[in-house]
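Down below is the structure, laid out as structure tokens.
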Amino acid sequence: MAEHYEYFVTCPRGIDGLLQDELESFGLKPLKTAPAGVWVQGGLAEGYRACLWSRLANRVLLHLATVDARSNEALYQGVYDIPWEDHLKVDGKFRVMFAGTNELIRNTQYGGQKVKDAVVDRLRGKGTVRPSVDSKDPDITLSARLHRGQMELAIDLSGDSLHMRGYRTEKGIAPVRENLASALLLRSGWPKIADNGGDFIDPMCGSGTLVIEAALMALDQAPGRLRPRFGFERWLGHQPELWLELRQEAERRAWEGKQGRLPRFTGYDQDSRVIATAWRNIARAGLEGLVHVEARPVEDFHRDNEWGNEGLVLVNPPYGERLSDRKELGVLYQQLGERVREHLPGWRLGVFTGVPELGHAIGLRSHRQYRLFNGKLPAQLLLFEINDDNTVRPRDVTPPGEVRAKISHPERAQMLENRLKKNLKTLGQWARKQNIQCYRLYDADMPEFALAIDVYGDHVHVQEYAAPKSIDEKSAQERLSEAMAVIPEVLGVPVDRVICKQRQRQTGTRQYEKQDASGEFMEVDELGSRLKVNLRDYLDTGLFLDHRPVRRWIRDHARNKRFLNLFCYTGAATVQAVAGGASRSLSLDMSNTYVEWARDNLALNGADPDRHRVEPADCVKWLADKPSADQRFDLIFMDPPTFSNSARMRGVLDVQRDHGMLIRQAMARLTGDGLLIFSTNFRRFKLDEDLGELYELEDVTASTLDRDFQRNSRIHQCWHIQHKA
1 MAEHYEYFVT CPRGIDGLLQ DELESFGLKP LKTAPAGVWV QGGLAEGYRA
51 CLWSRLANRV LLHLATVDAR SNEALYQGVY DIPWEDHLKV DGKFRVMFAG
101 TNELIRNTQY GGQKVKDAVV DRLRGKGTVR PSVDSKDPDI TLSARLHRGQ
151 MELAIDLSGD SLHMRGYRTE KGIAPVRENL ASALLLRSGW PKIADNGGDF
201 IDPMCGSGTL VIEAALMALD QAPGRLRPRF GFERWLGHQP ELWLELRQEA
251 ERRAWEGKQG RLPRFTGYDQ DSRVIATAWR NIARAGLEGL VHVEARPVED
301 FHRDNEWGNE GLVLVNPPYG ERLSDRKELG VLYQQLGERV REHLPGWRLG
351 VFTGVPELGH AIGLRSHRQY RLFNGKLPAQ LLLFEINDDN TVRPRDVTPP
401 GEVRAKISHP ERAQMLENRL KKNLKTLGQW ARKQNIQCYR LYDADMPEFA
451 LAIDVYGDHV HVQEYAAPKS IDEKSAQERL SEAMAVIPEV LGVPVDRVIC
501 KQRQRQTGTR QYEKQDASGE FMEVDELGSR LKVNLRDYLD TGLFLDHRPV
551 RRWIRDHARN KRFLNLFCYT GAATVQAVAG GASRSLSLDM SNTYVEWARD
601 NLALNGADPD RHRVEPADCV KWLADKPSAD QRFDLIFMDP PTFSNSARMR
651 GVLDVQRDHG MLIRQAMARL TGDGLLIFST NFRRFKLDED LGELYELEDV
701 TASTLDRDFQ RNSRIHQCWH IQHKA
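Going by full-length UniProt numbering, 158 is the number at position 158 of the sequence shown; the sequence numbering is gapless.
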């Protein structure tokens with residue numbers, strides 16, 4: 001085997017610079033960086049050290065070859081030519097983790113199969129037995145990453161992702177991953193603070209990830225020390241003696257790290273249940289007696305006399321579904337600022353948040369900000385020095401829906417007024433003739449006003465898209481204020497009935513996050529049925545207007561059908577199925593909030609709850625289970641989220657990656673002459689071509705766009721799917 005290798009070491013987005021510094025400290029030579037990783041060169045010992053000691057990496061991939069992927073033949077031959085007998089026994093087990101698509105390989109399952117075929121054929125030629133594919137307990141894992149006409153092939157030395165240290169087998173609500181926690185600690189300057197004798201506190205510690213990672217870092221404990229296995233241990237190139245030396249060094253350093261004066265590591269949380277989880281994580285990490293956590297709310301935070309005069313407070317406050325009310329969040333941030341200013345002068349404060357504007361409520365001037373990601377959610381780390389010189393007056397955060405109306409540029413405002421009058425004349429007239437009460441009047445028709453304006457009877461719902469980077473924040477706010485001055489006047493709607501929200505194009509469950517807590521529901525009419533909507537409390541209102549034609553089709557074709565609504569949201573499609581005469585229905589959603597909302601909608605329309613059931617369920621898990629005898633349906637509607645990593649579901653849902661599996665599982669519950677309606681609002685979505693070999697597919701997207709959404713033809717895609725005759 002070669003003495004020096006190329007490695008690609010992956011990491012969460014935004015921390016590749018930190019990762020490069022860390023890898024250099026292991027003796028690896030940087031070659032180039034990528035958006036979520038670093039290419040490095042070094043020996044096997046350095047690769048092992050990265051697996052054992054990296055606090056930031058996800059995976060350490062030992063590069064084998066770059067393969068031409070412009071044709072099936074070239075891809076197969078390139079993989080076949082690699083001497084797999086040097087890496088895997090002829091009768092060994094392996095798996096392929098395939099990522100990326102191009103014009104030739106349009107889904108990862110097909111790409112993974114091509115790689116598997118070449119590996120098996122190469123090794124089968126070496127004897128009478130052949131290797132097998134094993135996704136759960138492979139001897140080696142192959143990484144195949146496709147980009148345009150090339151595919152990078154590597155052996156994953158990590159096995160499971162390196163962020164899985166081995167101590168966190170349970171999770172609190174919405175935790176940060178262990179390697180992201182380490183990145184936050186490094187960005188906050190924790191190593192230097194710890195070296196100077198400083199202490200660490202997390203006043204909202206949840207299941208304890210930040211405080212445990214702070215202790216592991218300060219005590220010089222290898223983050224991979226507790227992992228049960230790595231991906232290289234059954235690789236034929238593995239050198240056990242070299243690995244044993246590194247493990248022994250790690251044990252020696254772990255012992256030495258506990259000698260002498262140690263920092264105090266403390267965590268608090270208002271939820272005693274997650275504190276119990278944190279204690280179990282601390283025990284699994286071997287930090288009993290070194291890390292202390294207890295149940296205590298932020299408002300009761302006070303100084304422990306044993307804490308030093310220097311230290312780090314690092315916190316990941318709740319946001320999104322964890323504590324949705326923006327006003328309550330503002331109070332929480334304000335309390336945090338008051339407590340640390342009173343009790344911890346001279347310390348440093350780090351706040352990792354998905355709502356960085358709330359940092360203004362802390363009452364300190366932030367001297368540094370880092371843009372990072374918590375999973376796929378953009379977030380910022382705000383750093384503050386806690387001293388009188390940095391104290392500022394806390395600012396209230398404007399609650400959603402309260403945007404001051406003001407015209408700064410009359411000519412620009414007149415342009416919007418003219419467009420709204422034109423749309424009101426055309427779309428408004430169309431909606432009245434069609435007896436449509438809720439419709440989209442305006443959808444970013446003009447680049448100066450990036451808004452979606454929806455009419456809900458005598459109310460108006462305004463959503464502001466994120467402004468382009470070329471538009472500064474002040475200009476964007478001016479335009480929104482102008483819109484809020486123009487809209488009530490043109491539409492003849494009182495100001496208090498115009499609800500405005502800032503909305504970025506959402507991914508995954510962020511579209512469902514709560515914004516306010518008014519509890520203000522109203523009833524609207526759709527196709528003769530009554531539906532509850534809430535225009536203030538959520539980014540979405542409870543009614544996806546673009547699916548109106550889909551719901552109309554369901555109503556017109558549901559008579560005497562058994563109807564299944566997966567990822568049902570507020571059950572509007574089920575209401576139309578019941579209105580159309582469905583014999584029975586089952587609606588499933590993971591959110592208890594939306595399950596209750598769907599039940600209310602059905603009750604509002606007189607549906608029999610015994611025949612038309614709404615149940616809380618993780619649809620991914622439900623579909624994966626074996627269908628029971630009563631789970632046969634004539635009509636199924638499935639509109640999954642683009643992405644979901646909710647703490648209430650197992651794993652992560654990615655609609656592009658997982659839709660083929662979801663569709664096949666749903667089709668197992670569909671009667672022979674039944675119909676599945678599959679829809680997605682992922683703009684770059686591509687339907688798995690393999691599905692066309694299994695089922696009859698009809699792209700019906702064009703027929704599912706009413707006049708008010710024809711300007712935005714990519715708002716969703718929709719297919720009718722049936723069993724082949």
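Don't be surprised by glycine CBs; every beta carbon is placed ideally from N, CA and C. Everything numeric in this text was worked out from a predicted model, so none of it was measured.
Between the alpha carbons of SER132 and MET151 lies a gap of roughly 22 Å. When beta bridges are read from the DSSP output, THR266 appears opposite ILE201 and HIS292. Judged by beta-carbon spacing, ASP199 lies beyond the 8 Å limit of ARG145, meaning their Cβ atoms are not closer than that value. The three-state secondary structure of HIS367, taken from DSSP, is strand. Boundaries of the alpha helix (DSSP H) around CYS51: 44 to 53. Counted as a single uninterrupted DSSP element, the beta strand (DSSP E) harbouring ILE140 occupies residues 140 to 147. When the Cα atoms are used, GLU411 and GLU482 turn out to be separated by approximately 11 Å. ASP389 counts as exposed, since fewer than 16 other C-beta atoms from the protein chains shown sit within 10 angstroms of its C-beta. Straight-line measurement puts the Cα of GLN259 at about 50 Å from the Cα of ASN592. Counting other Cβ atoms within 10 Å of its Cβ, HIS367 stays below 16 and is therefore classed as exposed.
The Cβ neighbour count for THR570, taken over all protein chains shown within 10 Å, is at least 16; the residue is labelled buried.
Between the region 705 to 724 and the region 546 to 565 there are three or more inter-stretch CB-CB distances shorter than 8 Å, so the stretches are counted as touching. Under the DSSP definition of a beta bridge, VAL119 lacks any partner.
A straight-line Cα-Cα distance of about 40 Å links ILE453 and GLN270. TYR76 sits in a helix when the DSSP states are folded into three classes. VAL486 places its beta carbon less than 8 Å from that of ALA413. Residue burial is scored here from C-beta neighbours: ARG611 has fewer than 16 other C-beta atoms within 10 angstroms and is therefore classed as exposed.
With 16 or more neighbouring CB atoms inside 10 Å of its own CB, ASP639 falls in the buried class. When DSSP states are grouped into helix, strand and coil, THR391 belongs to the strand group. Burial of VAL655 is indicated by the presence of at least 16 other C-beta atoms within 10 angstroms of its C-beta.
Bridge pairing for MET522: VAL533 [DSSP]. For the pair ASP68 and LEU75, the CB atoms are nearer than the 8 Å cut-off.
When the five nearest sequence neighbours on each side are left out, the beta carbons in the same chain lying within less than 8 Å of the beta carbon of GLU448 are those of ARG412, MET415, LEU416 and ARG479, in order along the chain. Inter-segment contact for the region 177 to 196 and the region 250 to 257 is absent: fewer than three beta-carbon pairs are separated by less than 8 Å.
Exposed is the label assigned to ASP134, since fewer than 16 other Cβ atoms lie within 10 Å of its Cβ.
The three-state reading of DSSP puts TYR569 in coil, since its state is none of H, G, I, E or B.
In terms of CA proximity to PHE563, ARG669 leads the group ARG234, ARG669 and ASP472. A buried status is given to HIS163, since no fewer than 16 other beta-carbon atoms sit within 10 Å of its beta-carbon.
Excluding its 5 nearest sequence neighbours in each direction, GLN369 has C-beta neighbours in its own chain below 6 Å: GLN380 and LEU382, listed in chain order.
Annotation: the continuous beta strand (DSSP E) that includes GLN722 extends over 717 to 723. LEU23 sits away from PRO12, with the two beta carbons spaced by 8 Å or more. Judged by DSSP secondary structure, MET667 falls within the alpha helix (DSSP H) whose first and last residues are 655 to 667. Collapsing the DSSP output to three states places ARG225 in coil.
For HIS360, there is no enclosing beta strand (DSSP E), as DSSP gives it neither H nor E. Ranked by how close their Cα comes to the Cα of VAL90, the residues ALA295, LEU588, VAL119 and PHE98 have VAL119 in first place.
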